[in-house]
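Undergrad: Numbering of the sequence shown is given in the working numbering, commencing with residue 568 and proceeding in unit increments.
By construction, the Cβ of each residue, glycine as well, lies at the ideal position given by its N, Cα and C atoms.
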Amino acid sequence: GHPRARCHPQNRLRDQGRVRLLHLGLGSDALGVVSLELYREKVLAAVAGTPREALIRRFVEEVVTVTPELSLEQKRMREMGFGDRDVTHLVAAGLLTVRDVGSWWLAVPGMGRFVRALLRGER
568 GHPRARCHPQ NRLRDQGRVR LLHLGLGSDA LGVVSLELYR EKVLAAVAGT
618 PREALIRRFV EEVVTVTPEL SLEQKRMREM GFGDRDVTHL VAAGLLTVRD
668 VGSWWLAVPG MGRFVRALLR GER
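1) Measure the C-alpha to C-alpha separation of residue 633 and residue 660 and round it to an integer number of angstroms.
2) For the candidate residues 666, 600 and 654, whose alpha-carbon lies nearest to that of residue 619?
3) Can you tell me whether residue 654 sits near the ligand MN, meaning its C-beta is under 7 Å from at least one heavy atom of the ligand?
4) Suppose you measure from the CA of residue 636 to the CA of residue 624; what does that come to, to the nearest Å?
5) Taking only runs of the alpha helix (DSSP H) that begin and end inside the stretch 608-644, which ones reach a length of at least 4 residues, in chain order?
6) Just reading off the beta strand (DSSP E) that residue 666 is part of, what are its end residues?
7) State the Cα-Cα distance for the pair residue 571 and residue 607, rounded to the nearest angstrom.
Structure representation (structure tokens):
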């Protein structure tokens, strides 16, 4: 089934540009609804003053907050002006996780570790 079919209440918020589905880095079907404002704040604060700040800000502003896609192909990344080296930096920063060869999930940085710790804590 399509992941979006299960979560209609969020559609209104998603359409208003307030939330977005993102990959949680826990296997291919681990998706979560994320507040875009909190996401932007967390990501940009984490990279403030680093050499990658400009790249990451551009990715957040021009890709994450704009496209509804959950994953991106290499061709699409290039069309949006992100080359292979940019992708490498975005993966290292946790904003993308590898889905397949030449394809990446849009991800929440550090979320995989966070959720795994949460799951361990609950057991």
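TA: The structure says:
1) 19 Å
2) 654
3) With respect to the ligand MN, the structure offers nothing, as it holds no ligand at all.
4) 18 Å
5) 620-626
6) 663-667
7) Only weak support is given to the placement of residue 571: the predicted model assigns it a pLDDT of 48, under 50, and the question is left unresolved by the model.
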